[in-house]
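*Asks:* First the structure, which I've put down as structure tokens, then a few questions once you've had a look.
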Amino acid sequence: MIIGSIRDGIVIDHIPAGRGMELYSYLKLGQLDCEVALIKNAESGKCGKKDIIKIGAPIDINLDILGYIDPKITVNLIRDGKRAEKLHPALPDTITHLIRCKNPRCITSCEQELPHVFRLTDREHQVYRCLYCDTKAEK
Amino acid sequence: MKTRGLIDIAELSTEEIDVMMDVAEDIIAHPQAYSELCKGKKLATLFYEPSTRTRLSFESAMLDLGGSVIGFSEASSASVSKGESVADTARVIECYADIIAMRHPKEGAPLVAQMNVDIPVINAGDGGHNHPTQTLTDLFTIKREIGHMDHLVIGCCGDLKFGRTVHSLVTAMSRYPGVKFIFISPEELRIPEHVRSEVLDAKNIPYMETTSLEDVIGELDILYMTRVQKERFFNEADYLRLRDSYILTPEKLISAKKDMRILHPLPRVNEISVAVDSDDRAAYFRQVTNGKIIRMALFLKLLGITK
């Protein structure tokens with residue numbers, strides 16, 4: 031399978047195999063007018079299989095979302111057909127509006143205006159908990 | 643967050659708790675010296691669900707400091723019944739009061755209130771989540787009854803799955819050296835995995851689990867009894883089957899240490915026989931008084947008032 035190279039844009043690499051579509055949705059890539067390619071189950075020397083997303087325009091990427099999905103994801107910024115920069119998203123301390131609290135007893139279940147905020151409580155095991163009720167986020 | 647109140651017991655350092663307990667001891671020794679310290683201050687008790695004893699404890703504490711009290715004791719009498727958000731209610735109350743004590747059936751509601759006001763908000767219980775002043779009450783009672791907080795064997799008995807007071811007590815007591823826990827419950831109501839892994843295992847604190855109170859009662863310095871709460875069950879049959887799992891009687895106390903202390907967050911239903919009440923080891927009614935005193939110390943801390 032051949033997917034053309036990008037002149038100016040972004041390549042999100044080392045996405046855990048099978049999670050590319052989830053990332054596509056989180057980043058709202060379906061709303062873009064530029065070329066976007068999602069490659070599933072690409073061969074990878076490091077991790078066996080991986081997903082890759084190529085975006086044919088230099089858009090702003092929310093690195094917190096990538097860090098939450100997997101901090102091993104890499105972001106390559108492409109300019110004039112060459113990699114100009116390689117970013118490594120970190121595990122964010124808080125994530126807002128990315129995931130929703132599923133605890134029916136949480137205040138967010140009845141007050142719709144409240145932001146859904148999760149904070150990192152265990153960096154080693156990548157555990158996020160709801161700011162309000164401490165319910166563990168399910169990845 | 644604008645001002646510091648008390649939403650979760652974890653917000654308080656061990657030193658801060660120690661200072662509050664010292665103030666509480668001084669209140670007991672010299673109540674007159676504290677009787678007007680909060681003159682001109684107003685407590686708002688915002689109770690979205692009924693909890694008479696907790697509300698009265700907060701209100702008595704403020705009155706004994708010379709302050710005054712406003713508030714409501716159920717949601718139907720509040721604007722929430724008209725659809726007002728917690729944030730808006732808190733902002734309105736902030737115009738009238740100096741400090742808020744909030745009880746709410748939804749977890750995180752007091753935090754939302756605190757995020758929106760400049761006066762301290764105290765969490766007086768948010769669903770099955772946190773109830774930090776109950777934990778302060780438990781800690782102060784242990785300090786008063788035993789004299790120290792370290793090197794204690796603490797038995798927690800009854801509903802350890804849904805009992806938030808047990809989870810908070812385990813978290814708070816795990817700060818003190820040499821503490822060991824024994825969890826006594828039916829299989830269905832075991833202490834949750836996250837308390838075991840994130841508090842006990844994470845800090846290498848020794849603990850054991852058993853289904854038999856009689857087997858371990860002789861080892862305990864503290865026996866913390868809890869009620870099997872009907873409102874935590876979806877199934878009436880399960881509640882009825884487990885309700886009477888552990889009932890403390892004078893006969894079971896025969897093999898307990900002479901200086902063991904029995905605590906209970908109250909109200910009890912039938913998990914402690916009334917015949918136990920006259921035993922010196924029964925500390926649960928003294929615990930109620932301690933709850934009011936430690937809340938007085940908390941008001942003083944959060945309002946920045948010293949003697």
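Protein chains in written order, with my numbering: chain A, 31 to 169; chain B, 643 to 949. Positions of the beta carbon are idealized from the N, C-alpha and C atoms, including for glycine.
Just reading off the alpha helix (DSSP H) that B/A814 is part of, what are its end residues?
*Replies:* Counting along the chain, the alpha helix (DSSP H) containing B/A814 begins and ends at R806 to M815.
*Asks:* Taking DSSP as the reference, what is the three-state secondary structure of B/L648?
*Replies:* Looking at B/L648 - three-state DSSP - the assignment turns out to be strand.
*Asks:* DSSP on B/V821, reduced to helix/strand/coil?
*Replies:* B/V821 falls in the coil class under three-state DSSP.
*Asks:* Does the beta-carbon of B/S715, which I'm using as the reference point, lie nearer than 6 Å to any heavy atom of the ligand ATP?
*Replies:* With respect to the ligand ATP, the structure shown offers nothing to examine, as it has no ligands at all.
*Asks:* Which stretch, first to last residue, makes up the beta strand (DSSP E) that contains B/S699?
*Replies:* Not the beta strand (DSSP E): B/S699 falls in the alpha helix (DSSP H), residues T694 to D706.
*Asks:* For the region 33–43 of chain A against the region 74–89 of chain A, do three or more pairs of beta-carbon atoms, one drawn from each stretch, fall closer than 8 Å, so that the two count as touching?
*Replies:* Touching, yes, given that three or more Cβ pairs across the two stretches are closer than 8 Å.
*Asks:* I'd like to know if B/A703 contacts chain A, where contact means its C-beta is closer than 7 Å to some C-beta of that chain.
*Replies:* Judged by the 7 Å Cβ criterion, B/A703 is not in contact with chain A.
*Asks:* Which chain A residues sit within Cβ distance under 8 Å of B/V754?
*Replies:* Near B/V754 (Cβ distances below 8 Å), the residues of chain A are I137, E141, L144 and Y162.
*Asks:* Starting from B/A743 and walking both ways along the beta strand (DSSP E), at which residues does that stretch end?
*Replies:* Here the beta strand (DSSP E) through B/A743 covers I741 to H746.
*Asks:* Interface residues of chain B around A/N173 at Cβ under 7 Å?
*Replies:* Given a span of 31 to 169 for chain A in the structure shown, any question on residue 173 of chain A remains unanswerable.
*Asks:* Select from B/T891, B/R928 and B/I896 the residue whose C-alpha is nearest the C-alpha of B/L908.
*Replies:* The shortest Cα separation from B/L908 among B/T891, B/R928 and B/I896 belongs to B/R928.
*Asks:* For B/K785 and chain A, any beta-carbon pair shorter than 7 Å?
*Replies:* Not closer than 7 Å to any Cβ of chain A, the Cβ of B/K785 fails to qualify, so no.
*Asks:* Is the beta carbon of A/P46 closer than 7 Å to that of A/D100?
*Replies:* Yes. Within cutoff.
*Asks:* Check whether the Cβ atoms of B/V728 and B/V754 lie closer than 7 Å to each other.
*Replies:* Cβ atoms of B/V728 and B/V754: closer than 7 Å.
*Asks:* Indicate whether B/S750 and A/Y162 have their beta-carbon atoms separated by less than 7 Å.
*Replies:* The sequence as given places Gly at residue 750 of chain B; Ser does not occur at that position. Closer than 7 Å, so yes.
*Asks:* When Cβ atoms are compared, which residues of the region 744–775 of chain B fall closer than 7 Å to chain A?
*Replies:* Answer in chain order: K748, E749, G750, A751, L753, V754, G769, G770 and H771.
*Asks:* Contact defined as beta carbons within less than 8 Å: I believe A/I129 pairs with A/A67. What is the distance between those atoms, to the nearest angstrom?
*Replies:* With 8 Å as the limit, A/I129 and A/A67 do not qualify as a contact, their Cβ atoms being about 26 Å apart.
*Asks:* Which of the three DSSP states, helix, strand or coil, is assigned to B/D857?
*Replies:* The answer is helix: DSSP assigns B/D857 an H, G or I state.
*Asks:* If you draw a straight line from the C-alpha of B/A917 to the C-alpha of B/V858, how long is it?
*Replies:* When rounded, the distance between both Cα atoms is 21 Å.
*Asks:* Please list, in chain order, the chain A residues whose beta carbon lies closer than 8 Å to that of B/V728.
*Replies:* Those are I137 and E141, listed as they occur along chain A.
*Asks:* Report the rounded CA-to-CA distance for B/K894 versus B/P819, giving the unit in angstroms.
*Replies:* If you take the alpha carbons of B/K894 and B/P819, they lie about 29 Å apart.
*Asks:* Have a look at A/I125, A/V105, A/C64 and A/N133 and flag the residue whose alpha-carbon is nearest the alpha-carbon of A/Y98.
*Replies:* Of A/I125, A/V105, A/C64 and A/N133, the residue nearest in Cα terms is A/I125.
*Asks:* Just checking my contact of B/F700 with B/L688 at CB under 8 Å: how many whole Å lie between their CB atoms?
*Replies:* About 11 Å; that fails the 8 Å criterion.
*Asks:* So what's B/H906 in DSSP terms, helix, strand or just coil?
*Replies:* Coil, per DSSP.
*Asks:* Could you tell me which uninterrupted alpha helix (DSSP H) segments, each at least 4 residues in length, are contained entirely in the region 83–127 of chain A, listed from first to last along the chain?
*Replies:* Taking only runs of at least 4 residues, the alpha helix (DSSP H) segments lying wholly in the region 83–127 of chain A are 93–99.
*Asks:* Using Cβ-Cβ distances below 7 Å, what residues of the region 85–112 of chain A are close to chain B?
*Replies:* Within the region 85–112 of chain A, no residue qualifies.
*Asks:* Just how far apart, CA to CA, sit A/D43 and B/Y849?
*Replies:* Cα-Cα distance, rounded: 45 Å.
*Asks:* In the DSSP assignment, find the beta strand (DSSP E) that holds B/G767 and state where it starts and stops.
*Replies:* Counting along the chain, the beta strand (DSSP E) containing B/G767 begins and ends at V763 to D768.
*Asks:* Hey, would you say B/Y881 sits closer than 7 Å to B/L855, going by beta carbons?
*Replies:* Not in contact: B/Y881 and B/L855 (Cβ atoms no closer than 7 Å).
*Asks:* Quick check on DSSP: helix, strand or coil for B/E913?
*Replies:* Coil, per DSSP.
*Asks:* Between the region 771–790 of chain B and the region 928–947 of chain B, can you find at least three pairs of beta-carbon atoms closer than 8 Å?
*Replies:* Short answer: they touch.
*Asks:* Label B/N877 either buried or exposed according to how many other C-beta atoms from any shown protein chain fall within 10 Å of its C-beta, with 16 as the threshold for buried.
*Replies:* Exposed is the call here.
*Asks:* Contact between the region 763–779 of chain B and the region 647–666 of chain B is defined here as three or more beta-carbon pairs at a separation below 8 Å; is this criterion met?
*Replies:* Flag = yes, the region 763–779 of chain B and the region 647–666 of chain B touch.
*Asks:* Would you say B/G800 and B/E913 are within 7 Å of each other, going by their C-beta atoms?
*Replies:* Taking 7 Å as the Cβ cut-off, B/G800 and B/E913 qualify as a contacting pair.
*Asks:* For the 8 Å Cβ check, are there 3 or more pairs between the region 791–810 of chain B and the region 819–834 of chain B?
*Replies:* In short, these stretches touch, since the Cβ pair count reaches three.
*Asks:* I'd like the span of the beta strand (DSSP E) that includes B/S655, first residue to last.
*Replies:* Unbroken run through B/S655: none, as it is neither H nor E.
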